[in-house]
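The structure appears below as structure tokens.
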Amino acid sequence: MNRRKITQVSALVLLSSTELTQFSYATTNSPSMQPNNTVVFDVIEVSATREDATDSEHLYPVDKINQKQLEQIQPQSVAEALKYQPNLSFYGGPRSSSQEPVIRGLSDNRVLQVVDGARQTYNSGHTGTYLIDPTLLNSIEVLKGPGSAIWGSGAVGGVVAITTKSPEELLEKGQDLGGYIEQSYQSVNQRWLTNGAAYGKQDSYDWLFNGYYSDSDDVKDGNGTELQNSSDENKGFLAKTGIQLTPSQRIELSTRYARVDQDTPIDPSSAENANSNYIVGMKTDAFNAIVNYKLDPKDNNLINTQGTLYYNDVKVDSSRTTTTQNDTTHNHTLGLSVINHSTFENLDISVGTDGYQEDSNGTLDTTSSSFRPIIPDATTRTLGVFSRMRWNFAQDWTLQPALRYDYWRTQADYTDSSQQAASARRSDSALSPSAALSWQTTRWLQLTARYDQAFRAPTAGELYTGGYHFPGNEFVPNPNLEPEKSKNKEIDANMAFGDLLGDDELTIKASVFRNDVDDFINSIVDFSGGSTTQQNVGNAKLTGYSVDVDYKIYDTSVGLNYGQVKAKSNDGSAIGLIPADKWVAHIDQGFMDNTINVGAKVIYTASTTEGSTHYSDYTITDIYSSWNHAFGAKPLTLRFGVDNLTNQYYVPAPQTLAQPGRNFKLSARYTF
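Going by the working numbering, the sequence shown opens with residue 6, and the numbers climb by one from there.
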């Protein structure tokens with residue numbers, strides 16, 4: 006594959022700066038609570054909930070993977086970084102470009118994805134939904150459960166909110182200019198990754214440029230078998246510019262570009278096709294531009310406003326490796342969101358609006374158009390308004406109601422199963438209410454009961470895709486699909502203890518939920534009639550729970566979590582991507598003021614049966630280590646780790662491909 010020089014012009018972006026507050030499971034906004042009644046832990050900011058609140062203050066079930074954890078894991082994809090969290094997994098097999106996050110058994114279009122506050126709407130066929138390399142990330146936050154009351158359509162299963170790196174996090178105290186260069190290697194697919202950044206600040210201006218290039222071979226499983234056509238080449242960059250206009254106003258411009266080249270089966274999540282006619286050479290170009298504006302006068306509690314203007318453009322060029330057939334899929338989105346937070350004595354109010362337009366089209370090779378799906382030329386416009394209130398009352402109680410209204414309209418030109426041209430226009434609306442009631446029962450226990458409604462409008466692809474599916478089978482459009490609707494009931498318990506054995510912290514998080522999803526959209530394949538169509542197949546009930554325990558004392562951290570999800574449907578149809586029960590244990594130890602760090606994570610996944618397929622249980626052990634200031638060189642950091650230490654062969658439910666075998670990870674970073 007040939008490298009080429011990438012040149013893009015930066016676009017304006019505004020990135021909100023959330024003020025750090027103390028991490029406490031006490032109701033700190035209550036005037037009656039005194040500092041000596043509060044257990045204070047690390048500061049944790051949460052953006053997946055779209056509120057200026059710490060992990061203790063918001064009332065949503067949220068998991069966060071921070072920068073240190075990302076560096077320990079060294080994931081090859083965003084979805085892979087979530088594998089250690091309870092009720093979180095990924096689907097799509099070991100090909101990183103096809104992986105998708107699974108939240109409580111739901112994935113694909115049912116999980117909303119956000120990068121620096123901008124919705125990511127791209128979704129096409131069997132391809133993955135993330136077009137960003139983990140080297141660009143600062144953190145990943147996952148809102149587990151419906152989030153339509155604050156995000157609108159698509160958050161039936163949850164929200165994955167990504168924050169990219171910024172100069173503020175990378176610059177050391179007192180530093181005005183810096184950078185790093187990093188080289189890493191992973192043995193399971195011979196992946197070499199070169200990653201570098203330069204960043205700085207001067208007066209009210211700061212900037213960042215972060216670029217990467219990687220090249221990998223085919224992935225090997227625990228038996229040493231190569232997964233054919235799983236190699237790829239990736240390159241891209243992130244550029245940011247921030248200007249502090251006044252003490253209360255900041256604007257940030259951000260541009261991100263990614264290019265992925267690969268030869269892959271048409272369905273990369275299933276067993277590779279021996280027939281080379283099913284192998285596609287695919288080139289994906291993704292360009293994103295974001296403008297973020299933040300207004301936060303320190304002397305005005307009524308104004309704390311953030312505006313985000315964004316543009317996403319994704320183009321996929323594909324060609325059969327044995328023919329001259331070339332096809333293109335193109336998706337671009339223009340969006341704007343504005344939200345304001347007002348604070349009173351015991352009351353916080355947030356109001357906001359979102360609007361975006363998504364355009365998609367597909368260009369087929371006219372000489373062989375009958376052998377590919379026909380992507381509709383479609384435009385979808387969505388507008389939503391929402392409000393959320395947080396009221397601290399009766400000393401230890403907090404009430405948080407929210408309500409959102411969305412209206413969307415889809416207009417498309419498409420081709421039906423008889424190859425006839427047609428046009429259609431769809432419009433609909435939805436109300437998404439939400440309510441949470443929290444009780445600070447003691448200084449160490451917080452109980453929260455939640456109720457959330459969510460919806461997912463059918464995509465243009467689900468409504469209007471026609472043409473070829475596989476030999477003897479055609480896609481049949483279904484313009485009459487109803488939106489999916491969900492109703493989630495949940496009880497969360499958060500416990501926090503300090504100074505049990507000295508300078509230590511113990512946190513326990515537990516959740517029990519039931520998510521009822523109506524009008525579930527699924528692909529119905531009629532092998533006898535030779536057609537595939539999207540249909541509302543019925544209603545589903547997803548139930549489950551999770552427990553997450555973490556203990557820290559001095560430079561030692563240990564933890565254990567467990568997650569379980571079960572699903573039933575009223576008509577027996579397959580619902581979601583239900584993973585097996587999973588236990589995860591971890592231990593982390595720092596030495597010499599944490600300049601040396603070692604740790605291990607152990608995953609045990611129980612056996613399960615999905616349909617007629619039985620999945621055996623398995624245990625995976627991952628280890629990692631890092632040396633800051635290695636060999637006495639202050640700017641040098643070395644990392645070494647091994648995933649799947651015992652070279653276990655395993656296939657996670659409900660996937661069909663074996664996961665990677667033993668994987669040695671090495672990286673060296675020089676910081677200047």
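Note that the Cβ used here is the ideal one computed from N, Cα and C, for glycine as well. The structure displayed is predicted, hence computed values, not measured ones.
Worksheet item: The beta strand (DSSP E) with K88 in it runs from where to where?
Response: Counting along the chain, K88 falls outside any beta strand (DSSP E), and DSSP gives it neither H nor E.
Item to complete: Can you grab the Cα-Cα spacing for the pair T54 / Y135, in whole Å?
Response: For T54 and Y135, the distance between alpha carbons rounds to 20 Å.
Worksheet item: With which residues is E76 paired in a DSSP beta bridge?
Response: Paired residues: none, contrary to the question.
Worksheet item: Among L339, R100 and D523, which has the Cα closest to the Cα of Y316?
Response: Nearest C-alpha to Y316: L339.
Worksheet item: If you draw a straight line from the C-alpha of N34 to the C-alpha of N397, how long is it?
Response: Any reading at N34 needs caution, since the residue's pLDDT is 38, under 50, leaving its predicted position unreliable; the model's value is listed next. Rounded to whole angstroms, N34 to N397 spans 7 Å at the Cα level.
Worksheet item: What number of angstroms, rounded off, separates the C-alpha of L111 from the C-alpha of H63?
Response: For L111 and H63, the distance between alpha carbons rounds to 23 Å.
Practice prompt. Check whether the Cβ atoms of S522 and E489 lie closer than 8 Å to each other.
Written response: Reading off the sequence shown, one finds Val at residue 522, where the question assumed Ser. Contact flag set, yes.
Practice prompt. Taking 8 Å as the threshold, find out whether the region 167-176 comes into contact with the region 117-125 through three or more Cβ pairs.
Written response: Contact between the region 167-176 and the region 117-125 is established, with three or more Cβ pairs separated by less than 8 Å.
Worksheet item: Apart from the five residues on each side of it in sequence, which residues of its chain come closer than 6 Å, Cβ to Cβ, to I70?
Response: The answer, listed in chain order, is A86 and I145.
Worksheet item: DSSP beta-bridge partners for P700?
Response: Residue 700 lies beyond the range of the chain shown here (6 to 677); nothing can be said about it.
Fill in: Where I529 falls, given that 16 or more other Cβ within 10 Å makes a residue buried
So I529 ends up on the exposed side.
Worksheet item: Less than 8 Å separating the beta-carbons of R414 and R386?
Response: In this structure, R386 lies closer than 8 Å to R414 by Cβ.
Item to complete: Count the other C-beta atoms from every protein chain shown that fall within 10 angstroms of the C-beta of M287, then say buried if there are 16 or more, exposed otherwise.
Response: Buried, by the Cβ-count rule.
Practice prompt. With a 10 Å radius around its C-beta and 16 neighbouring C-beta atoms as the bar for buried, classify F678 as buried or exposed.
Written response: Residue 678 is absent from the structure shown; the chain starts at 6 and stops at 677.
Discussion item. Spatial neighbours of N485 within its chain, please: C-beta separation below 6 Å, excluding the five flanking residues on both sides.
Written reply: Closer than 6 Å at Cβ, skipping near neighbours: no residue.
Worksheet item: In terms of DSSP beta bridges, what is L506 paired with?
Response: None; L506 has no bridge partner.
Discussion item. In this structure, how does DSSP classify D208 when only helix, strand and coil are distinguished?
Written reply: D208 sits in coil when the DSSP states are folded into three classes, being neither helix nor strand.
Fill in: Three-state secondary structure (DSSP) of L442
Collapsing the DSSP output to three states places L442 in a strand.
Worksheet item: Exposed or buried, what is A399 when buried is set at 16 or more other beta-carbons lying within 10 Å of its beta-carbon?
Response: By the neighbour-count rule (16 or more Cβ atoms within 10 Å), A399 is not buried but exposed.
Worksheet item: In whole angstroms, what is the alpha-carbon distance linking E173 and P66?
Response: If I take the Cα positions, the gap works out to 27 Å.
Worksheet item: Under three-state DSSP, which class holds I558?
Response: Of the three classes helix, strand and coil, the one that applies to I558 here is strand, per DSSP.
Fill in: R109 versus K587: straight-line alpha-carbon distance, rounded
Straight through space, the alpha carbons of K587 and R109 are spaced by roughly 12 Å.
Fill in: Sub-8 Å separation of Y185 and Y675 beta-carbons
Result yes, Cβ atoms of Y185 and Y675 sit closer than 8 Å.
Worksheet item: Hey, would you say G227 sits closer than 8 Å to A515, going by beta carbons?
Response: Against a cut-off of 8 Å, the Cβ pair of A515 and G227 comes out as no contact.
Discussion item. Give me, in chain order, the residues of the same chain whose beta-carbon lies closer than 6 Å to that of T126; leave out the 5 immediate sequence neighbours on both sides.
Written reply: Within the same chain, T126 has close Cβ partners T338 and E363.
Discussion item. Looking at the secondary structure, which residues open and close the alpha helix (DSSP H) in which G229 lies?
Written reply: Note, G229: premise wrong, no alpha helix (DSSP H); not H, not E.
Item to complete: Determine the DSSP secondary structure at L176, reduced to helix, strand or coil.
Response: Three-state result, L176: coil.
Worksheet item: F460 and S437 look like a contact to me (Cβ under 8 Å); what is the Cβ gap, rounded to whole Å?
Response: Correct: roughly 6 Å between the Cβ atoms.
Practice prompt. Compute the Euclidean distance between the alpha carbons of K639 and M597, then round it to the nearest angstrom.
Written response: Approximately 14 Å, taken between the alpha carbons.
Worksheet item: Taking the alpha carbon of H591 as the point to measure from, which residue in S52, T613 and N566 has its own alpha carbon closest?
Response: H591 has its Cα closest to that of N566, out of S52, T613 and N566.
Practice prompt. For A545, write down the residues that DSSP places opposite it in a beta bridge.
Written response: DSSP output for A545 lists V522 and S574 as bridge partner(s).
Worksheet item: Does the Cβ of D47 have 16 or more other Cβ atoms within 10 Å, making it buried, or fewer, making it exposed?
Response: Caution is warranted here: a pLDDT of 35 is assigned to D47, below 50, making its placement in the model unreliable, and the coordinate value is therefore given only provisionally. With fewer than 16 Cβ atoms within 10 Å of its Cβ, D47 is classed as exposed.
Worksheet item: Does R115 come within less than 8 Å of chain B when only Cβ atoms are used?
Response: You won't find chain B in this structure, because it holds only one protein chain.
Practice prompt. Say whether the region 201-218 touches the region 74-88, bearing in mind that this needs 3 or more beta-carbon pairs closer than 8 Å, one atom from each stretch.
Written response: Contact fails: fewer than three Cβ-Cβ distances are below 8 Å.
Worksheet item: With contact counted as at least three CB pairs below 8 Å, one residue from each stretch, are the region 445-464 and the region 492-511 in contact?
Response: In the pairwise beta carbon analysis, the region 445-464 is classified as touching the region 492-511: at least three pairs are separated by under 8 Å.
Worksheet item: Bridge partners of L198, per DSSP?
Response: Per DSSP, S189 and S219.
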